[in-house]
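Q:
There are 2 protein chains.
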Amino acid sequence: MIEPASITNVMRALADPTRRAVYERIVSSDEITVVELTRGSGVTQGAISQHLKSLKQAGLVAERPEGRNVYYRAEPEGLTPLVDWMSHYGVFWRERFTNLRTLLKEIDP
Amino acid sequence: MIEPASITNVMRALADPTRRAVYERIVSSDEITVVELTRGSGVTQGAISQHLKSLKQAGLVAERPEGRNVYYRAEPEGLTPLVDWMSHYGVFWRERFTNLRTLLKEIDP
DNA sequence: AAAATACGATAGTTGAGACTAATTGATTAG
DNA sequence: CTAATCAATTAGTCTCAACTATCGTATTTT
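Protein sequences, first through last, are from chains A and B.
Sequential numbering from 1 applies to the first sequence in the UniProt record's numbering.
Sequential numbering from 1 applies to the second sequence in the UniProt record's numbering.
This is the structure in structure tokens:
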């Protein structure tokens, strides 16, 4: 059972552009190492490690050590607090349900 | 035409608990003044004004001056960057489409 | 065994932002 | 007119976070 991170943790984790870019790369790839994440990030490996720590604490990513590599992947339940929050306070969000409806059909025609 | 705020602006604006609480109160109420927002916020009026400035720059709220009062309301398009971002990177979010489907039926049975 | 690689952890620096207190400008009340 | 109220703004303080640089550890390679 995964400890549900607070909405503040998730929001804060994704607020930083660098850290959000790291998360986006993790989501886009199935699994990815720290070295690959560091490459082309513009910051040092230590910075990436710290960002990964934040993302992990926010419940957004999970790690899988293998030998001297550590593979990171996105945690499926990670964005749940964000979705829940928007379901509650994003009232006007319903204006955009047309798009969601399209997306739904795409998944479940 | 409303200037679309960046995802970073929106995320950063909502990341702070105090500022997010202000936004939530604005969403919950139709219109609300600075005095009312200050009451029970735990911070000074100046702090509230600064938070409102951030929320306004993020495109999340709008103001309507009337006499010596300024009424704030939520901006409908404000959360659009957040929805767009989640549509793109929140792949696993689709796990929760069951709930969204329920919500859809509630709106458009 | 020695060297190289991949990560993690920590100390220290810097800059940003959240806040208070105080001032100012504008509007309303007495 | 004068006093009071509402909101924005500024200056100044303080905390926190993002980052670099560095060291330490485990694993792999030669």
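All residues carry an ideal CB built from backbone N, CA and C; glycine is no exception.
From a predicted model like this one, the values you see are computed outputs, not experimental measurements.
1) Could you spell out where the beta strand (DSSP E) holding R64/A opens and where it closes?
2) Between R12/B and chain A, is any beta-carbon pair separated by less than 9 Å?
3) I'd like to know if L55/B contacts chain A, where contact means its C-beta is closer than 9 Å to some C-beta of that chain.
4) Just by C-beta distance, which residues in the segment 32-63 of chain A are closer than 7 Å to chain B?
5) Using CA coordinates, which residue listed in A58/A, G59/A and R73/A is at the minimum distance from P65/A?
6) On the three-pair Cβ rule with 8 Å, is the segment 25-39 of chain B touching the segment 36-49 of chain A?
7) Verify the CB distance criterion: does S29/B have a CB-CB separation below 9 Å to chain A?
8) List the residues that DSSP assigns as beta-bridge partners of R73/A.
9) Y71/A CB to nearest chain B CB: under 9 Å?
10) At which residues does the alpha helix (DSSP H) containing E31/A begin and terminate?
11) Could you work out which residues of chain A lie near E24/B, taking near to mean beta carbons separated by less than 8 Å?
12) Does the distance from the CB of I48/A to the CB of V27/A come in under 9 Å?
13) Which of the three DSSP states is assigned to V22/A in this structure?
14) Do you know whose CA, among G67/B, R68/B, E75/B and V70/B, lies nearest A58/B's CA?
A: Reading off the structure:
1) V61 to E66
2) yes
3) no
4) none
5) R73/A
6) no
7) no
8) A62/A
9) no
10) From DSSP, E31/A is part of no alpha helix (DSSP H); its letter is neither H nor E.
11) Y89
12) no
13) helix
14) E75/B
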